[in-house]
Amino acid sequence: MASEEYIDVEFDIFEYTGQRARVKKSLTVNSLIEEILREFDDIPSDFSNKYVLYLKGEEKPLDSNKTMLELDIQPQDELVFDRYRSLLRRELPPTIKASFVEEKTLDAFELQWYPAIIGRSSTDMDHNFSLAVNVENLPDGKTISRRHALISFAEGKFFVEPQSEYNPVYLNGVEIPYQQKFLIKDNDRIMLGFNRITLIFKQRKLSESQQTSRPVTARQQTVEERPAEPATQIDGFIDPKTPPAPRLIVETAANKDIIGTVLPLEEYPFLMGRTHPLLTGENDMSRAHAEISYDEQANKHFIVDLNSTNGVEINGKKIEANIPYEITPGCYIRLGFKVIVRFEV
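Per my numbering, the sequence shown starts with residue 2, numbered consecutively.
Have a look at this one:
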C-alpha cells in the first residue's frame, strides 16, 4: 500500500512518552484509541470511550469520529492519550429554579447542577454523574443519543449545545449546528432526534422565602466516617474566610519511604494510581485506580473506583466501581491491598 496513506506520529501514553507509530490516515480517533488499548494491555479497557486523544498543548479532545486525514494530523504533531476528564459539576444557585417538561407525558426533570447532560444512562460513571435529563423511558427515548445535548449556565443564563453530530437538536423548530451554544429562555422548546422528543424549558427566580435545600442525588452515596479523634460536630459548616486545604496522607504502602507523605489535592479530578509518580512502585494498584472530585457549591469531596483490579475501601467498606461516594475528613481509603491514605481538609 502506498506510503502516502500512512503518517508517522509521536504519542505520549501516560508514562510512556515519546512513543512513535505509523498510523493509517484513514484511521479514526476511536479506532486509534482501541489500537492503543490493545497494545498496552495494562491499561483498563472496559470502556474505550473513557479515553481521548489530544494534540499536545490543547485542551479540547480530538473529535472521536474523524480520521487523521480529516483532522490534518502532521508528522510534527504530538498526540497525548489520556483518560477523559468530565467537567466539574456545580450546583445551580439557590435563587434559580429550572427544569424541562416533556410535552406529551408531562414528565418533569429538574436541573440541579451544570453542566448537565440530556441523553440516556450509561455504564460510564463520568457520564451518569452529569446526566440530568434521562429520556430513555420516554416514548422513542431509546432513539436519543446517550450524550445528546449539553446544558450550560453562565451569568444567570442557560445555553444548549448539541453533542451528537448525527442526531439533531432543534430549538423552537430550528436545527442547532453541532457543538454550538444557543441561549435558551423560559418556555423555549428543545426537540431531540429525528422523532423530535419535545422538552419545554422552564426557568424562574426564587425569592428568599422560597429557597430550599436541594436533596443529595441517589448517585451520591456516603460511607460512614471513622473519626480521627473525638471531635466537635462541625458538619455542614465552613468558614468562608478559610479556603479548604484538602490532602491525602499516606498511612501504609509497600514502599515504606512514602509513608507519611502528604499529597495535596490541588487539581480535580485527582487521579490515584500507578500513573502518579509517588505510587509507581505500588504494583497491586491499577494504573488508573481511583479518582477524587470536588463539588464546589456543596463543598463535598467524592471518590470513585475506576474499575480497579483490587478495589477501593472507605473505612473498611468496599465501594462499588463507577459510583461516586462522599469522603469526609478523617476517613481512611484503601487502594488495592497495601496502600492506605487518610483524607484531611
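Glycine included, every Cβ here is placed at the ideal spot set by N, Cα and C.
Whole angstroms are fine: how far does the CA of residue j sit from the CA of residue i?
i	j	result
Phe-238	Phe-344	Caution is warranted here: a pLDDT of 34 is assigned to Phe-238, below 50, making its placement in the model unreliable, and no coordinate value can be reported.
Arg-335	Thr-253	9 Å
Gly-317	Arg-121	33 Å
Ile-260	Ala-291	19 Å
Val-134	Tyr-7	42 Å
Lys-98	Ser-123	26 Å
Pro-169	Pro-76	35 Å
Gln-234	Ile-328	Its pLDDT being 35, under 50, Gln-234 is placed unreliably by the model, and the measurement read from it follows with that caveat. The straight-line gap from Cα to Cα measures roughly 16 Å.
Pro-178	Pro-163	7 Å
Glu-16	Glu-79	15 Å
Gly-174	Val-136	19 Å
Arg-147	Gln-113	19 Å
Pro-1	Val-305	In this structure the chain extends from 2 to 346, so residue 1 is not present and cannot be described.
Leu-70	Leu-151	28 Å
Pro-95	Asn-138	29 Å
Leu-132	Ala-117	6 Å
Ser-214	Leu-38	Unreliable placement is indicated for Ser-214, whose pLDDT of 43 sits below 50; the coordinate value is still reported in the next sentence. Those two C-alpha atoms are separated by around 44 Å.
Thr-276	Ala-289	7 Å
Arg-91	Pro-325	15 Å
Phe-195	Ile-201	17 Å
Out of the options, which has the shortest C-alpha to C-alpha gap to residue i?
i	options	result
Ala-246	Gly-337, Pro-325, Leu-264 and Asp-258	Leu-264
Lys-301	Val-346, Asn-168 and Pro-140	Val-346
Ile-250	Ile-185, Pro-62, Arg-190 and Gly-331	Gly-331
Val-81	Pro-62, His-149, Glu-321 and Arg-91	Pro-62
Asp-189	Tyr-171, Glu-314 and Glu-79	Tyr-171
Gln-181	Thr-144, Glu-166 and Asp-13	Glu-166
Ser-32	Asp-42, Tyr-52 and Gly-19	Tyr-52
Leu-93	Tyr-55, Glu-156 and Leu-139	Glu-156
Ser-294	Ala-117, Met-273 and Phe-101	Met-273
Glu-11	Leu-38, Lys-57 and Ile-145	Lys-57
Glu-103	Arg-197, Leu-279 and Thr-18	Arg-197
Asp-9	Leu-28, Gly-337, Glu-176 and Val-24	Val-24
Gly-282	Leu-54, Asn-256, Leu-28 and Ile-145	Asn-256
Val-161	Ile-191, Gly-142, Asp-13 and Ile-44	Ile-191
From the DSSP output, in three-state form, read off residue i for me.
i	result
Ser-32	helix
Glu-6	helix
Gly-317	coil
Leu-280	helix
Thr-223	Only weak support is given to the placement of Thr-223: the predicted model assigns it a pLDDT of 40, under 50, and the question is left unresolved by the model.
Thr-243	Unreliable placement is indicated for Thr-243, whose pLDDT of 40 sits below 50; the coordinate value is still reported in the next sentence. Thr-243: coil per DSSP, three-state reduction.
Lys-182	coil
Asp-296	strand
Glu-104	coil
Asn-259	Note on identity: in this sequence residue 259 is Ile, with Asn being the wrong assignment. The answer is helix: DSSP assigns Ile-259 an H, G or I state.
Thr-329	coil
Asn-135	strand
Lys-158	strand
Glu-252	strand
Thr-233	Bear in mind that a pLDDT of 33 at Thr-233, under 50, signals an unreliable position, so the model cannot answer this.
Does the CB of residue i have a neighbour CB from chain C at under 7 Å?
i	result
Leu-132	In the displayed structure, chain C is absent; only one protein chain is listed.
At a cut-off of 6 Å, is residue i close to the ligand FMN when judged by its beta-carbon and the heavy atoms of the ligand?
i	result
Ile-191	In the structure shown, the ligand FMN is absent, as is every other ligand, since no ligand is present at all.
Notebook entry, point to check: Using 8 Å as the Cβ pair cut-off and three pairs as the minimum, do the segment 56–67 and the segment 97–112 touch?
Noted result: no
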